[in-house]
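A.B. asks: Residues 1 to 227 in this note's numbering are what the sequence shown lists, from first letter to last.
Even glycine gets a Cβ: it sits at the ideal position worked out from N, Cα and C.
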Amino acid sequence: MKPIIFCDFDGTITETDNIVSLMTEFVPEESEKIAKAMMEQTITFKDGVSAMFELLSTKQKDTVIQYLLDTAIIREGFGDFVRYAQENHIPFYIVSGGVDFFIEPLLKKYGPFSGIYCNSADFSGQHIKLVFPNSCDEECAKFETQGCGCCKPSVMRKVAQGNHLKIVIGDSLSDFEAAKQADLVLARDHLIKRCKDLHLPYKPFETFYDCLEAVKKIIEAEKAVSM
Numbered sequence: 001m002k003p004i005i006f007c008d009f010d011g012t013i014t015e016t017d018n019i020v021s022l023m024t025e026f027v028p029e030e031s032e033k034i035a036k037a038m039m040e041q042t043i044t045f046k047d048g049v050s051a052m053f054e055l056l057s058t059k060q061k062d063t064v065i066q067y068l069l070d071t072a073i074i075r076e077g078f079g080d081f082v083r084y085a086q087e088n089h090i091p092f093y094i095v096s097g098g099v100d101f102f103i104e105p106l107l108k109k110y111g112p113f114s115g116i117y118c119n120s121a122d123f124s125g126q127h128i129k130l131v132f133p134n135s136c137d138e139e140c141a142k143f144e145t146q147g148c149g150c151c152k153p154s155v156m157r158k159v160a161q162g163n164h165l166k167i168v169i170g171d172s173l174s175d176f177e178a179a180k181q182a183d184l185v186l187a188r189d190h191l192i193k194r195c196k197d198l199h200l201p202y203k204p205f206e207t208f209y210d211c212l213e214a215v216k217k218i219i220e221a222e223k224a225v226s227m
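Okay, here's the thing in C-alpha cells:
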C-alpha cells in the first residue's frame, strides 16, 4: 500500500492553536464562552468558529494577520518531514478547520503540497465571515455528523484511493472522525485519549521528527514486501 498523509494545521503543524491564540488576544471573554460550548459539544464546531470570527471587525484584518504571522511557531522538524514526503512522492494534504488567510502565508515556504483544504474568510462586510467550501458529504449525513466546517473524513474519501495507506496527523477533537478512517494516526494532546478510548492504531508524537521516523518505517516495510 502507498502512504498518503492528511495533516491538521492548528496545534499540529503549529505549536499552538492559532484560532485560540487569536481569540485570546482580541476577544477573550466573548470567545471563551463559545469555546466552552464547543468543548461541551452543545454547539457544532462550524457554528462555534463562525461565531468567534464574527466577533472580529474586518477593519482588524491586517492587525489580525500580522499578529498570527508574528506569534505562530511551526513545530520542530516540519520542514524536514515535508521534504521527505516530497522526495519519496508521498501525497501530502493539509486538512484544517483553520482559515486560509493565516494558513497559506504560514505554509508558503514549505510547499508545494498535494492540496490545502481549509475554511475561507470573507472580509467584505463589517465583521469577518467564514465560508466553508469543504462540507460534509452524503456518507457523513448517514451518521448525522454534519457541522464540522471543514469535513476531514469527506476530504479523505475524495482524494484517497483504495491502495493508499492513510496516515492522519492531528491533535484535537476536529481530527477524531478522520482518525477513525486512518490506517495509522500520529497523535498528540486530546487526540491521544480519543485513540486510546476507541483502540485506534496510533503513535504519539511531539515533533515532526517523530512523525518522520514513523513514516520511514512504513516506507521501509513496503520496500521489504516488494523485494
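Expressed to the nearest angstrom, what Euclidean distance is found between the alpha-carbon atoms of F143 and D70?
C.D. replies: Counting from 1 along the sequence shown, the entry for residue 143 is found at position 143. Counting from 1 along the sequence shown, the entry for residue 70 is found at position 70. Confidence is the limiting factor: at F143 the pLDDT is only 49, short of 50, which leaves the residue's position unreliable, though a coordinate-based value still follows. Their Cα atoms are separated by approximately 40 Å.
A.B. asks: Are L200 and A182 touching if we call contact CB-CB under 9 Å?
C.D. replies: If you number the sequence shown from 1, residue 200 lands on position 200. If you number the sequence shown from 1, residue 182 lands on position 182. With respect to the 9 Å criterion, L200 and A182 are classified as neighbours on the basis of their beta carbons.
A.B. asks: Helix, strand or coil: how does DSSP classify A160 here?
C.D. replies: To locate residue 160, count along the sequence shown from 1; it is residue 160. A160: coil per DSSP, three-state reduction.
A.B. asks: According to DSSP, is N134 part of a helix, a strand, or is it coil?
C.D. replies: In the sequence shown, counting from the first residue as 1, residue 134 sits at position 134. It is coil, neither helix nor strand.
A.B. asks: List the whole-angstrom C-beta distance separating N18 from G111, where the pair is believed to meet the contact cut-off of C-beta under 8 Å.
C.D. replies: Counted from its first residue, the sequence shown places residue 18 at position 18. Counted from its first residue, the sequence shown places residue 111 at position 111. N18 to G111, Cβ: 18 Å. No contact.
A.B. asks: Does M156 pass the burial test, meaning 16 or more other C-beta atoms within 10 Å, or should it be called exposed?
C.D. replies: Position 156 of the sequence shown, counted from the first residue, corresponds to residue 156. Buried: at least 16 other Cβ atoms inside 10 Å.
A.B. asks: Name the two residues that bound the continuous alpha helix (DSSP H) containing A121.
C.D. replies: To locate residue 121, count along the sequence shown from 1; it is residue 121. That residue, A121, is in no alpha helix (DSSP H); its beta strand (DSSP E) goes G115 to D122.
A.B. asks: Is C150 helix, strand or coil by DSSP?
C.D. replies: Here the question's residue 150 lines up with position 150 in the sequence shown. DSSP places C150 in coil when its eight states are reduced to three.
A.B. asks: Under a Cβ-count criterion, where at least 16 other Cβ atoms within 10 Å of its own Cβ denotes burial, should E213 be classed as buried or exposed?
C.D. replies: Along the sequence shown, one-based indexing puts residue 213 at 213. Exposed, since its Cβ has fewer than 16 Cβ neighbours within 10 Å.
A.B. asks: Alpha carbon to alpha carbon, how far is L55 from I128?
C.D. replies: As a position in the sequence shown, residue 55 is number 55, starting the count at 1. As a position in the sequence shown, residue 128 is number 128, starting the count at 1. L55 and I128: Cα-Cα distance of roughly 8 Å.
A.B. asks: So, does the CB of F205 fall closer than 9 Å to a CB anywhere in chain D?
C.D. replies: Absent from the structure is chain D; it holds one protein chain and no more.
A.B. asks: Could you say which of C7, N119, K61 and K158 lies nearest to E138 if we only look at CA atoms?
C.D. replies: Working through the sequence shown from its first residue, we reach residue 138 at position 138. If we check each option's Cα against that of E138, K158 comes out closest.
A.B. asks: Could you give the uninterrupted runs of the beta strand (DSSP E) lying entirely in the stretch 56 to 113, keeping only those of 3 residues or more?
C.D. replies: 92 to 99
A.B. asks: Near L173, what residues of its chain come up, given a Cβ to Cβ distance below 7 Å and the 5 sequence neighbours on each side ignored?
C.D. replies: In the sequence shown, residue 173 corresponds to position 173, counting from 1. Closer than 7 Å at Cβ, skipping near neighbours: H190.
A.B. asks: Would you kindly report the start and end of the unbroken alpha helix (DSSP H) that includes I34?
C.D. replies: Translated into positions along the sequence shown, residue 34 becomes position 34. In the DSSP assignment, I34 falls within the alpha helix (DSSP H) that extends over P28 to M39.
A.B. asks: Enumerate in chain order the residues of its own chain whose CB-to-CB distance from E30 is below 7 Å, with the five nearest sequence positions on each side excluded.
C.D. replies: Mapped onto the sequence shown, residue 30 falls at position 30. L55, listed in sequence order.
A.B. asks: Expressed to the nearest angstrom, what Euclidean distance is found between the alpha-carbon atoms of G115 and F205?
C.D. replies: Reading the sequence shown from its first residue, position 115 is the one you call residue 115. Reading the sequence shown from its first residue, position 205 is the one you call residue 205. If I take the Cα positions, the gap works out to 23 Å.
A.B. asks: In whole angstroms, what separates the C-alpha of M1 from that of L165?
C.D. replies: Position 1 of the sequence shown, counting from 1, holds the residue named residue 1. Position 165 of the sequence shown, counting from 1, holds the residue named residue 165. Going from the Cα of M1 to the Cα of L165 covers about 6 Å.
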